[in-house]
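Notes follow once the structure below has been shown.
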Amino acid sequence: MNSSVLCELLLCAASVWAAADSLKNGHGWRVAGFALITFTALLGALVYGGLETARLAHQTMTGISGRISLLLIAVGSLHGATRHLLLAALAALMLWLPNNLALAGNLLALIAIAWPGRSQRWPLAIAGALLFVLAGLGIAGRGDWWGIPRVDLYHLTLMLATLCWTLARLRGTRWLLGTPASLAR
Numbered sequence: 019m020n021s022s023v024l025c026e027l028l029l030c031a032a033s034v035w036a037a038a039d040s041l042k043n044g045h046g047w048r049v050a051g052f053a054l055i056t057f058t059a060l061l062g063a064l065v066y067g068g069l070e071t072a073r074l075a076h077q078t079m080t081g082i083s084g085r086i087s088l089l090l091i092a093v094g095s096l097h098g099a100t101r102h103l104l105l106a107a108l109a110a111l112m113l114w115l116p117n118n119l120a121l122a123g124n125l126l127a128l129i130a131i132a133w134p135g136r137s138q139r140w141p142l143a144i145a146g147a148l149l150f151v152l153a154g155l156g157i158a159g160r161g162d163w164w165g166i167p168r169v170d171l172y173h174l175t176l177m178l179a180t181l182c183w184t185l186a187r188l189r190g191t192r193w194l195l196g197t198p199a200s201l202a203r
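Rendered as C-alpha cells:
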C-alpha cells in the first residue's frame, strides 16, 4: 500500500466518524457533507491504488465535494421544506459558480462553521477551519515538500480538520450567540 492510499483511507475513516457523530446528533445535512468527503476519499484510495477506471469518478466527486461539502457541513440540520429548498438552490448555485466565487462561498461556510457559539469547543472549530484553509490554499498542488507528496499532506490536513470539527461538537442551525465554549469542556 502506498502512502497516498493510506492518506486517503485515513481521511475516509475520519469522515466516516464525523458522519456517524453528525447522524447521532441529528445533523442530516452535515452527514451528507462528510459522506461526500468519505466517498471522494474512497475513490481516491482506489485511484492511488492503481484502479484507473475510478479516476474519472474521483475527479468528478472531487469537484462536487469541493464545492458543496463545506456548505452542507456548515448548515448541519434544517427544519422546514422552504429551508431545505433554499439549501438545495444554494448547493446548485455552488456547483455552477465560477471558481473564484465558489471559493468565496466556501470561505463563508468556513466562517459559519467556526463562528462563536456554533460548537461546544470553539478553539477546535477554529483550528479545523484554519486547517481546511491551509489544505486548500497552501498545500494543494503537485510536487512534494521535503520528500512528502503534497497530495498526501493535503489529505492528512483535511483529515486533521475533520477530526477537529468532530471533537469540537459542531451544532446544528439552532445555535446560540454568545461566548465561545472553552476547550476544557
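Residue 157 in the working numbering sits at position 139 of the sequence shown, with consecutive numbering throughout.
The beta carbon of each residue, even a glycine, is placed where N, CA and C say it ideally should be.
Model, not experiment: these values are computed from the prediction.
Per-residue burial, residue i [other beta carbons within 10 Å of its own, 16 or more giving buried]
i, result
"LEU155", "exposed"
"ALA127", "buried"
"ASP162", "exposed"
"GLN26", "Checking the displayed sequence, the identity of residue 26 turns out to be Glu instead of Gln. Buried, because 16 or more other Cβ atoms sit within 10 Å of the Cβ of GLU26."
"LEU88", "buried"
"TRP140", "buried"
"THR100", "exposed"
"TRP183", "buried"
Coil, strand or helix - residue i by DSSP
i, result
"PRO167", "strand"
"SER95", "coil"
"LEU90", "helix"
"ARG187", "coil"
For residue j and residue i, believed in contact at Cβ under 8 Å, the rounded distance
i, j, result
"PHE52", "ILE91", "7 Å"
"LEU204", "LEU176", "Lying outside 19 to 203, the shown extent of the chain, residue 204 is not represented and no answer is given."
Min CB distance residue i to chain D below 8 Å
i, result
"LEU174", "In the structure shown, chain D does not exist; there is a single protein chain."
Minimum C-alpha distance to residue i - residue among the options
i, options, result
"ARG85", "ALA120, LEU96, LEU74 and PRO116", "ALA120"
"LEU152", "ILE55, ALA106, HIS97 and TYR172", "TYR172"
"GLY46", "HIS97, VAL23, GLY81 and LEU61", "HIS97"
"MET79", "ALA158, THR100, LEU54 and LEU111", "LEU54"
"THR180", "LEU61, ASN20, MET19 and SER40", "SER40"
"ASN124", "PRO141, LEU103, GLY135 and VAL93", "VAL93"
"ASP170", "ALA63, GLY68 and ALA36", "ALA63"
"ALA72", "ARG189, ILE157, LEU60 and ILE82", "LEU60"
"ARG187", "LEU142, ALA107, SER33 and HIS76", "LEU142"
Do the region 127–136 and the region 145–154 touch if we need at least three Cβ pairs shorter than 8 Å?
yes
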